[in-house]
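Engineer:
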Amino acid sequence: MTKEKQEELKELLQDLQSGEFDDPNEESDSDSSEGEEYDGEGLFWPEDKADVCENDSYISVRKKMVSKHNHNLTNILSENSKLCQQFQRKQSSRHYMSMLVQRKNLPAWQERENILDLLDQSQVLVVSGMTGCGKTTQIPQFILDASLRGPAGQVANIVCTQPRRISAISVAQRVAQERAESLGNSVGYQIRLESVKTSATRLLYCTTGVLLRRLEGDADLKGVTHVIVDEVHERTEESDFLLLVLKDLIVQRPDMKIILMSATLNAELFSEYFSNCPTIHIPGQTFPVDQFFLEDAIAETRYVYVIEGSSLYKRKHNSSRIYGPGYKGGPRNAMDYVFDDSESFDKTNFVKDSIPDQDLCLQELFIRYSDVSAPVLKTIAAMDLDKINMDLVERLLEWIVEGNHKYPPGAVLVFMPGMAEIRMLYERLQKFLNAYCDCVVRCVVYPLHSSLSNEEQKAIFSRPPDGVTKIIISTNIAETSITIDDVVYVIDSGKMKEKTYDASKCMESLEDSWVSRANAMQRKGRAGRVASGVCFHLFTSHCFKHQLAEQQLPEIQRVPLEQLCLRIKILDLFAEKTLESVFSQIIEPPDLESLEAASQQLQDLGALTADEKLTPLGYHLASLPVDVRIGKLMLFGSMFRCLDPALTIAASLASKSPFVSPWNKREEANMKKRAFAVGNSDHLTLLQAYKGWCSAAKKGTRAAYVYCRENFLSSRVLQEIASLKRQFAELLSDIGFCREGLRARAIERASTHGTDGVLKATGPEANLNSENISLMSAMLCAALYPNVIQVPLQSDGELKKLPKASELRFLTKSDGYVHVHPSSVNHHTRLYESPFLVYLEKVKTRRVFIRDCSMTSVFPLLLFGGSQINVELHNGEFVLSLDDGWIKFAAPSYQVAALVKELRWELDELLEDKIRNPNIDLCPRESRIIQMIVHLITTQ
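In the UniProt record's numbering, the protein residues as written are 1 to 940.
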């Protein structure tokens, strides 16, 4: 720290201690040390003030949330009367009647009366039925139609949750079409940032998160008569939590009906959870689907695994696996071991079912698969069964397209675990498409994943011309959320991306895992919708029977729980209960270690007290539908008057990255990204790219398009970030952290060409420091701490030279060394001005990676990191340390250490007051503190 900085600190603290900036109405406590404890180093440190949110500010916020869901009974009855009349008139409509004929052909229609009777008799009903039986589109209509035949006061008001945005939209569109009306009349949808509904909407399809957010302001779901939770078998964190809320809510709302819908035959689990409520099963309406496994696929295509050559999965030949552990001969030609049938084995021996095929030698495979030919088993023995064999996928596609089999033409659905595998197969198919189709039959290939726009989805659902085979390469989104009704063939890789969470290391992993048997059956069920179908699973029949789990582990047992803990605490239903007692009531609760880790994280962030009460900060973070660290960035951006850039970064973290990396131009795209780099920060890099897009858009739509194309940016994602920014501004307005009365749609309408409108809407006062890059870096530190990694530096500040960027390692507190992800602008950095980086998340794939990170310096860590600063004398130096001492700084003198610690105390007091009462303006003393801190950070 320079002498100038030390003098600035002294000057500020002298001003504060002199009382020159004190509010004259504030009681002085300068003569009292009551409530303080001596820290052993000559400094007073106040006891923690873990205030809970019990003042007028929070009551006002709660009133605003509740007012959104107030209902005018007169208006409701008037709308209901109109809907009843419209329903009577449409009975004679030709379009309605033609759609009704189609509806009556669905299996769900055959159970219509039974379902309505059971709902009359019970408050909760569990419905199971294979995908395509019509339960999602028909059951809500059965309830609505029955109510529209009665008096206006008894018209149903139905909310049907969906696990994904894409399904909420597509199902609502289909139901509106079946009802011969425009979307937004009696049927609508609502997802984050988008809704199509009116006061007349009585059947609302929405994401699970939308309903949970409504429950925060409308604990009783006033006016809602039926809640339908669809796809409960997927066991998402949100759906399991919603079931817990509804289980408690129906006690207070005995008039409300709950319907749980599952695409698998696990209704008993949900029935038992709701006191053994009745269940009903709807049989599917599909054509026969022939199910084949890896051994069948190899036999049908006559595929031979080539060990020598250009195989994608080339590996060293393991002779002991092929010939058994006793084989000592030299290497043999690949064709020899595939086609040599001279060997004979004693097939009466037994191989334990618990041993996977991958661990068996060829002799043992002959014993297990006595009815499978030798060439097939030798190919299986040579393959790596834990990897997806893209060569075999191509051979299967060739077999399907050529048509030398008994199955009819139709679309092909290929399940891959993630985008990398989709990309790999897509590239291979594009490259060799003509060879596969013998240059006669044409194919069209579509990738399918959750980030597709509505326009891109339409092509997937469209029927191709005669003679053209549609091939769709999809993630597991096509298992249940999307129905492509012309699929006849399914190729199931047997793999999916699954999140896991290590609570002890606070680390998420996204790993390839085997699907469950339930997943495999769902994938099989995608075929045979319009004709006899076929499904090829790229794992063996033994793997299916003995290795795959019956069901996937519930998501709530695989993810961090911080946001869910806050959601629990903000709901009136659970406010006075302990987290452990609430989580224990979940249908299949997470382990105690994950819950304790989440609680500790929230305490470290200042969101929870030690006795699990929401602090003012915690209350506001719970009100924001984002990760707690993203929410903290938004709040601090407001308090330090750099709101616009804080909202941009927050929206980008809550969205997908706008940087795209075309499959054949990856290095060029990375160079363009690095051109935006500033401050050794991925977050500030994104901010620069977004600002450049806004500037280009001011010149017109064409200029914005060219900007995105030249810089490898997704215009769609940038537009989503802009929409999120406006939504976040509205949320902050609601809780008092920016101008009152802001609404996202009004901001959008008032925005000028090329801007998102947030800067103008929030006003100059909230954005005085919006161009201060150093301050924004400090705000990232405040939000992301304690997610800190240390850079291994030499004495000159330069990173040790390593031969490859992939070998760079950085130190974390809990789990040793990690790597900066190759997509980060810091991946190739060798010189850091500060030895610390902050990050949002670390993930484990092949290695442990920090995905996005930003360099942070001494002052932000001292002022915003940890719960307190400790000062101790070590080897003749005064050392400032955070929390348990993992992060340490040497102070030039004891006086400097004391000044820093006292300034931190002043800042903590100010921020807590501001968070507790966000509408209150800063007094002159507090404004002076903020100004000085901004100055210190900016000029460090």
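Backbone N, C-alpha and C define an ideal beta-carbon position, used for all residues, glycine too. Just so you know, these numbers come straight off a predicted model, no measurement behind them.
Since Ser239 contacts Pro163 with CB under 8 Å, what's their CB separation in whole angstroms?
Structural biologist: 6 Å
Engineer: Only counting runs of 4 or more residues, tell me where the alpha helix (DSSP H) segments fall wholly within the region 667–701, in order along the chain.
Structural biologist: 682–697
Engineer: Looking at the structure shown, is Glu833 part of a helix, part of a strand, or coil, going by DSSP?
Structural biologist: coil
Engineer: So, helix, strand or coil for Trp905, using DSSP?
Structural biologist: helix
Engineer: Between which two residues does the beta strand (DSSP E) harbouring Ile139 extend?
Structural biologist: Ile139 -> not in any beta strand (DSSP E); alpha helix (DSSP H) instead, spanning 135–148.
Engineer: Report yes or no: do three or more beta-carbon pairs, one from the region 482–492 and one from the region 406–421, lie closer than 8 Å?
Structural biologist: Here the region 482–492 lies against the region 406–421, with 3 or more beta-carbon pairs under 8 Å apart.
Engineer: Cα separation between Gln931 and Leu775?
Structural biologist: Cα to Cα, Gln931 sits roughly 11 Å from Leu775.
Engineer: Rounded to the nearest angstrom, how far is the Cβ of Ala152 from that of Leu77, given a contact under 8 Å?
Structural biologist: 5 Å
Engineer: Should Tyr705 go down as buried or exposed, given a rule of 16 or more other Cβ atoms within 10 Å for buried?
Structural biologist: exposed
Engineer: Considering Cα atoms alone, identify which of Asp248, Pro375, Thr208, Leu448 is closest to Asp296.
Structural biologist: Selected option, being the one with the closest Cα: Pro375.
Engineer: Which of the three DSSP states, helix, strand or coil, is assigned to Asn114?
Structural biologist: helix
Engineer: Please name the residue in Gln688, Ala898, Tyr619, Leu579 whose C-alpha comes closest to that of Phe241.
Structural biologist: Leu579
Engineer: So, is Arg395 buried or exposed, given that buried needs 16 or more other C-beta atoms within 10 angstroms?
Structural biologist: Only buried fits Arg395, as 16 or more other CB atoms lie within 10 angstroms of its CB.
Engineer: Opposite Thr161 in the DSSP bridges: which residues?
Structural biologist: Cys206, Val229
Engineer: Would a C-beta distance cut-off of 9 Å place Gly866 and Tyr785 closer than the cut-off?
Structural biologist: yes
Engineer: Please specify which runs of the beta strand (DSSP E), each continuous and at least 3 residues long, are wholly inside the region 364–436, giving them in chain order.
Structural biologist: Runs found: 411–415.
Engineer: Please report the Cβ distance between Val401 and Cys443, rounded to the nearest whole angstrom; I am assuming they are in contact, meaning their Cβ atoms lie under 8 Å.
Structural biologist: 6 Å
Engineer: Which ranges would you report for the alpha helix (DSSP H) in the region 466–520 if only whole runs of at least 4 residues count?
Structural biologist: 477–480
Engineer: So, does the region 861–876 touch the region 526–543, judging by three or more C-beta pairs under 8 Å?
Structural biologist: no
Engineer: Using only the alpha-carbon positions, how far apart do Met256 and Arg745 sit?
Structural biologist: 33 Å
Engineer: Between which two residues does the beta strand (DSSP E) carrying Ser881 extend?
Structural biologist: 877–882
Engineer: Exposed or buried, what is Tyr817 when buried is set at 16 or more other beta-carbons lying within 10 Å of its beta-carbon?
Structural biologist: exposed
Engineer: Below 8 Å on the Cβ atoms is my guess for Val848 versus His828; work out the distance and round it to an integer in Å.
Structural biologist: About 19 Å; that fails the 8 Å criterion.
Engineer: Using DSSP with H/G/I as helix, E/B as strand and the rest coil, what is Pro860?
Structural biologist: Three-state result, Pro860: helix.
Engineer: How many Å lie between Lys813 and Cys133 at the Cα?
Structural biologist: 52 Å
Engineer: Is the distance from the Cβ of Val900 to the Cβ of Leu882 below 9 Å?
Structural biologist: Cβ distance not < 9 Å, so Val900 and Leu882 don't count as in contact.
Engineer: Can you name, in chain order, every residue of its own chain whose Cβ lies under 7 Å from the Cβ of Gln138, other than the five neighbours on each side?
Structural biologist: Arg103, Leu106, Ala108, Trp109
Engineer: With C-beta atoms as the reference, is Arg192 less than 9 Å away from Pro625?
Structural biologist: yes
Engineer: For the region 664–673 against the region 640–656, do three or more pairs of beta-carbon atoms, one drawn from each stretch, fall closer than 8 Å, so that the two count as touching?
Structural biologist: no
Engineer: Candidates Ile380, Leu365, Lys352, Gln358: which alpha carbon is nearest Ile298's?
Structural biologist: Ile380
Engineer: Under the DSSP definition of a beta bridge, which residues are partnered with Lys725?
Structural biologist: According to DSSP, which records beta bridges pairwise, Lys725 is partnered with nothing at all.
Engineer: Exposed or buried, Gly700, counting other C-beta atoms within 10 Å across all chains shown (16 or more means buried)?
Structural biologist: exposed
Engineer: I'd like to check one pair, Thr648 with Leu686: are the Cβ atoms closer than 9 Å?
Structural biologist: yes
Engineer: With DSSP as the reference, please indicate the residues paired to Gly188 in a beta bridge.
Structural biologist: Beta-bridge pairing links Gly188 to Leu204.
Engineer: Give the secondary structure of Tyr619 by DSSP, where H, G and I count as helix, E and B as strand, and everything else as coil.
Structural biologist: Of the three classes helix, strand and coil, the one that applies to Tyr619 here is helix, per DSSP.
Engineer: Return the residue from the list Leu249, Leu243, Leu260 that minimises the CA-CA distance to Thr230.
Structural biologist: The sequence as given places Asp at residue 230; Thr does not occur at that position. Measuring from the Cα of Asp230, the nearest candidate turns out to be Leu260.
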